[in-house]
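>
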Amino acid sequence: MSGPARPSRRTAAVVLAGLGLSACSLAPDYQTPSTVSPPAFKENGEWKAATPLDALPKGVWWTVFGDPELDRLEARLTDANQDLKVAYARLAEARAAALALRGQTLPEVAAAAGSSRDRRSKNLTPATVPSDYSDHSLSLNVSYEIDLWGRVRNTVEAGENRAQASAGDLAAVDLSLRAELAADYFDLRGADAQQEVLDQAVDSYGKALALTRSRFQGGAAAEIDVDQAEETLETAKTQAGDNRLARAQLEHAIAILTGAEPSVFTLPARILTGEPPAIDPGLPSQLLERRPDVAAAERRVAAANAEIGVARAAFFPVFSLTGLIGLEAASPASWIEAPSTIWAMGGSSLLTLFDNGRRQALSDQARAAHDEAAAAYRGTVLQADREVEDNLAALRQLERNAGTQRAAVDAAGRALTQAQNRYKGGLSTYLEVVTRQNAALTAQLSAVGIWTRRMVASVLLVKAIGGGWQADPAAPPHQISEANPPR
């Protein structure tokens, strides 16, 4: 028994040595690409009205707006949006691919069975040996690549990093779709408020036209006054029609986002008012942790770094171990007897000596892919920083604009009243009334537009910082109440 055991022990020693040597890796030591993060956002200034909570689930950030209708629509998006389903499928595909690559780290075992009836050439077979014979075999075949240079491990690491990047892509798609839905929703509510302003203007202009016609028929007004009043009325009707069209298209967009047929989807008109919730963007460096697109870009750099190790390993020999154990006999009756046992064990190595520069080109390609991924990562970080700065500036400036626009609406209303009184007293022409009417309508529509832009900018800022925050964990969500449009 001692004789046959020696080869097995020697082979086991070779396997163990190979496994020990397989700790080597030719991939460069990975480091996240360097980026320059300023100490604070330039547009934030001294404005800090909230504290971010990274632990807050990013999937419910919209609840801070306190709008049940928006909450309902966001819930529908989870199960019905097709773009989100595509992203889920891509993540499942990437994870399955990583799992398939991980299988390369273990030996591959295959079972083989065969049965044949053969005839040898009688000119080659001695007369004492039958020329017809049967061969029945059953075996287990084992093969294993000794990962001496880390090729397999780096391949697996690259696949796992790509799967993590796909998870980041899914989170980015989810955040983007939900932000788009919230922005469309507030645009639609802004259109509802503008529609009320325009409908009120159409009603007021209609009454003014009727009064002007009455004055013309009584000789107190010129015919041109009637024409100007009619022009003002019809122009307002056109604006109201355009606003209805824009509102309908926003409703269709929301339907698609929530997986509904636009032909059967309806959102009743509702007018909102109130201030957008306060948002603290935190520090620029926090974007690296909170933005899913930044995280996905960083994982792609890590994957490209591992691919460099794969490309480098191609310059070195590939060592493999193979083994076989089984049964082989000419007759099924003697198949499971000890003399029918067969086994084999051995190793091999393969080194490519000449490939006309293919391996070097693949290595150069892997390095270039890493540089590309690193540049894309830095670009994503810069874009994230810009989006935060843009929306911080928008919120700050629009808050100021809202105050000045309220003053403009009040002034335009007073000027319109004075123009109407002057016209009735015969001190001015109707052109002055028309001019004041247009100015008052423009001021009101602008006030509603500023409110809408503030709400959308707050949504985009949440998206820019990666979602998941709350103004005050002890306070209820910010409420947006139904009311008259901003004046």
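Going letter by letter, the sequence shown gives residues 0 to 486 in numbering that gives the first Met the number 0. Beta carbons are placed, not taken as given, at the ideal position from N, Cα and C, and that holds for glycine. Predicted model, so just to flag it, every value in this text is computed and none were measured.
In the DSSP assignment, what are the bridge partners of Ala343?
As computed with DSSP, Ala343 is found in a beta bridge with Leu323.
> I want to know whether the segment 304-312 touches the segment 347-367 - three or more CB-CB distances under 8 Å.
yes
> Given a cut-off of 8 Å on the beta-carbon distance, is the pair Thr154 and Leu100 in contact?
yes
> Using only the alpha-carbon positions, how far apart do Gly158 and Ala93 sit?
8 Å
> DSSP state of Thr272, grouped into three classes?
strand
> Under 7 Å Cβ to Cβ from Gly345, same chain only, skipping five residues before and after it: list those, please.
Thr321
> Run through the segment 65-140 for me and flag every whole beta strand (DSSP E) of 3 or more residues, listed as ranges in chain order.
107-118
> Measure the Cβ-Cβ separation of Leu139 and Val108 and say whether it is below 8 Å.
For Leu139 and Val108, yes; Cβs fall inside 8 Å.
> In angstroms, rounded to a whole number, what distance separates the CA positions of Thr237 and Gly425?
In a straight line, the C-alpha of Thr237 is about 30 Å away from that of Gly425.
> Would Arg385 be called buried (16 or more neighbouring beta carbons within 10 Å of its own) or exposed?
exposed
> Would you report the Cα separation of Ala516 and Val447, rounded to the nearest angstrom?
Outside the displayed range of the chain (0 to 486) lies residue 516, so it cannot be described from this structure.
> Verify whether the separation of the beta carbon atoms of Arg243 and Gln285 is less than 8 Å.
no
> According to DSSP, is Ala48 helix, strand or coil?
Because Ala48 sits at a pLDDT of 38, beneath the cut-off of 50, its placement in the model cannot be relied upon, and the following sentence gives the value as read from the coordinates. Ala48 falls in the coil class under three-state DSSP.
> Starting from Gln359, trace the alpha helix (DSSP H) in both directions and tell me its first and last residue.
Arg357 to Lys423
> Could you please give me the residues that DSSP links to Leu349 through a beta bridge?
Val317
> Ordered along the chain, which non-local residues of its own chain (more than five positions away) have a Cβ less than 6 Å from that of Val317?
Leu349
> Return the bridge partner residues of Ala329 from the DSSP annotation.
The partner list for Ala329 (beta bridge, DSSP) is empty, contrary to what the question assumes.
> Quick check: Asn400 and Leu459, are their CB atoms within less than 8 Å of each other?
no
> Look at the Cβ atom of Trp60, then the Cβ atom of Leu69, and state whether they are nearer than 8 Å.
Result no, Cβ atoms of Trp60 and Leu69 do not sit closer than 8 Å.
> What whole-angstrom Cβ distance do Ser133 and Arg116 have, given they're in contact under 8 Å?
5 Å
> Going by alpha carbons, who is nearest to Ala343 out of Ser114, Val141 and Ser213?
Val141
> Whose C-beta lies closer than 8 Å to the C-beta of Arg89 among residues of the same chain, with five residues either side of it excluded?
Ser165, Asp168 and Leu169
> Can you name the residues that DSSP bridges to Glu144?
Ser319
> Which of helix, strand or coil does DSSP assign to Thr265?
coil
> For Val196, count neighbouring C-beta atoms within 10 Å of its own C-beta (all shown protein chains included) and say buried if the count is 16 or more, exposed if not.
Burial call: buried.
> Suppose the cutoff is 7 Å on Cβ atoms and the five residues either side in sequence are ignored; what does the same chain contact list for Ala519 look like?
No statement about residue 519 is possible, as the shown extent of the chain runs from 0 to 486 and does not include it.
> Nearest to Arg212 by alpha carbon, out of Asp226, Asp202 and Val201?
When each option's Cα is compared against that of Arg212, the closest is Asp226.
> Residues in the same chain with beta-carbon distance under 8 Å from Glu222, minus the five sequence neighbours each way, listed in chain order, please.
Within the same chain, Glu222 has close Cβ partners Phe215.
> Just curious, the alpha helix (DSSP H) that Lys206 is in, first and last residue?
Arg150 to Gln216
> With DSSP collapsed to three states, give me the class of Thr428.
coil
> At a cut-off of 7 Å, is Ala313 close to the ligand NAD when judged by its beta-carbon and the heavy atoms of the ligand?
This structure lacks the ligand NAD; in fact it carries no ligand of any kind.
> Does DSSP put Leu25 in a helix, a strand or coil?
coil
> Could you tell me whether the Cβ atoms of Tyr184 and Leu72 are closer together than 8 Å?
yes
> Is Arg413 buried or exposed, if buried means 16 or more other CB atoms sit within 10 Å of its CB?
By the neighbour-count definition (other C-beta atoms within 10 Å, threshold 16), Arg413 is an exposed residue.
> Hey, Val201 and Ala235: beta-carbon distance below 8 Å or not?
yes
> Can you give me the Cβ contacts of Leu187 inside the same chain, cut-off strictly under 8 Å, excluding the 5 residues immediately before and after it?
Closer than 8 Å at Cβ, skipping near neighbours: Arg246, Leu249, Glu250, Ile253 and Leu266.
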